[in-house]
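A short write-up of the structure that comes next.
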Amino acid sequence: MSLNGKVAIVTGSGAGLGLAYAQELARQGAKVVINDVNEEVTSQAVESIASAGGTAVGVTAAVGSTETAEKLVNAAVENFGTLDILVNNAGILRDRSLLKMSDDDFDQVINVHLRGTFTCVRAAFDYFKNNEIKGRIVTIGSPTGQRGNFGQTNYAAAKAGIVGMVRTWALEMKRAGVTVNAIIPVAATAMTETVPYFSAAIEADKAGEAMPDFFRKDLGFGTAADVAGLVAFLSSDDAANITGQAIGVGGDRLQVWGHPEPVVTEYLEGGWNYEALKANGRSIVEDNLQEVGEKMPELPADLQPKA
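Here my numbering is used: the first residue of the sequence shown is 129, the next is one more, and so on.
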């Protein structure tokens, strides 16, 4: 097993994608700190790992505060003697269009996703650096953070911010030998269960059947288990040279997302004043407009949602 002797924290790992990540890390030999806001859910997740022959303990606490971050690191060290891996997965949704989104809707999502990632990474890196551990940090981004999505101002800001922090942390952690990467997962979750577009895939998965090839291959959409392998790989010594990256995974597809780069560069002596922009700059920009949002391919007739 590739992670024998390693100790991992997985935030938001009581269910869903987070639980799949924790179970895969345990399957690969790591001892795991499970985290959720619900005591019963936390206990059930710990038991699922123990019943499969793994080792886990639970910490029931809301991610976001420095106190919770330090509590998670302390739990790893006190129960297992060290910490090697941090997977930041905890998150919530408060979807609203801009004019309907309250301050609280915005703040809650930013606190859990963005601030929670910051506080947990800071606590873990502090432990890694002070103990000369070449740790592994995996954060969770989203296609929404890469391209935007209607009704998700708060979530898009948080997920884009996480990728921005990863690029910065890769520079800051390089000397210590710590790697940090973002995963962009595309998988069946509680959220996608409510979207008619994915209904054929969700129904197949719940029935224990393989998702249709259209979803797995054309769309790169799959199960939580399809994402968990990448989490474990990036947490291993085999990924020692991979850091600062945003890597997409889902179904049968693996993607490396590019860093933002200009698509065109033009110079004008004296600078681009209003008149110059009106005469020449507008056409340069309009000829190179970038798409926003993610466009889904049309569903084949046999996969159309039932009326």
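Cβ coordinates follow ideal geometry from the N, Cα and C atoms, glycine included.
- With respect to the C-alpha of E426, the residue from R250, P324, A286 having the closest C-alpha is P324.
- Contact annotation, I265 with T307: C-beta distance approximately 7 Å; criterion of less than 8 Å satisfied.
- If you ignore the 5 residues before and after F278, its C-beta comes within less than 8 Å of the C-beta of S225, G421, all in its own chain and listed in chain order.
- Around the beta carbon of R222, 16 or more other beta carbons sit within 10 angstroms, so the residue counts as buried.
- Straight across, the Cα-Cα distance linking A353 with A404 is about 54 Å.
- In this structure, V174 and C248 do not form a Cβ contact; the two beta carbons are roughly 19 Å apart against a cut-off of 8 Å.
- Note on geometry: alpha-carbon atoms of A368 and G398 lie some 47 Å from one another.
- For the pair S364 and I370, the Cα-to-Cα distance works out to about 11 Å.
- Taking the C-beta atoms as reference points, A316 is found no nearer than 9 Å to L153.
- A straight-line Cα-Cα distance of about 44 Å links G244 and K406.
- Ranked by Cα distance from A158, the options E195, T210, K199 are led by T210.
- The Cβ atoms of V135 and A204 sit closer than 9 Å to each other.
- Contact between T272 and K262 does not hold, since their C-beta atoms are separated by about 32 Å, which reaches or exceeds 8 Å.
- Looking at the DSSP output, I265 sits in a beta bridge with L214, V308.
- Relative to the Cα of V215, the nearest Cα in the group D341, A332, T139 belongs to T139.
- As for any beta strand (DSSP E) of minimum length 3 sitting wholly inside the region 157-240, the runs are 159-164, 183-188, 213-216, ordered along the chain.
- Per DSSP, the unbroken alpha helix (DSSP H) holding G292 starts and ends at 281-301.
- In the same chain as S193, and ignoring 5 residues on each side of it, the C-beta atoms closer than 7 Å to its own belong to T247, in chain order.
- For the 9 Å CB-CB criterion, N163 and V187 form a contact.
- Checking the DSSP bridge columns, you'll see R381 partnered with G378.
- Setting aside the 5 residues that flank it on each side, V165 is surrounded in the same chain by A190, each with a C-beta closer than 6 Å to its C-beta; the list follows chain order.
- Secondary structure at P271: helix, using DSSP grouped into helix, strand and coil.
- Pairing S176 with A374, the inter-Cα distance amounts to about 30 Å.
- Annotation: the continuous alpha helix (DSSP H) that includes V355 extends over 352-362.
- Within the region 318-352, the complete alpha helix (DSSP H) segments at least 4 residues long are 327-334, listed from N- to C-terminus.
- Counting other Cβ atoms within 10 Å of its Cβ, N401 stays below 16 and is therefore classed as exposed.
- V420 carries a coil assignment under DSSP once its states are collapsed to helix, strand and coil.
- Under the three-state reduction of DSSP output, A367 falls in the helix class.
- Going by C-alpha positions, G348 is about 43 Å away from L396.
- Inter-residue distance for G181 and Y149 is about 16 Å (C-alpha atoms, whole angstroms).
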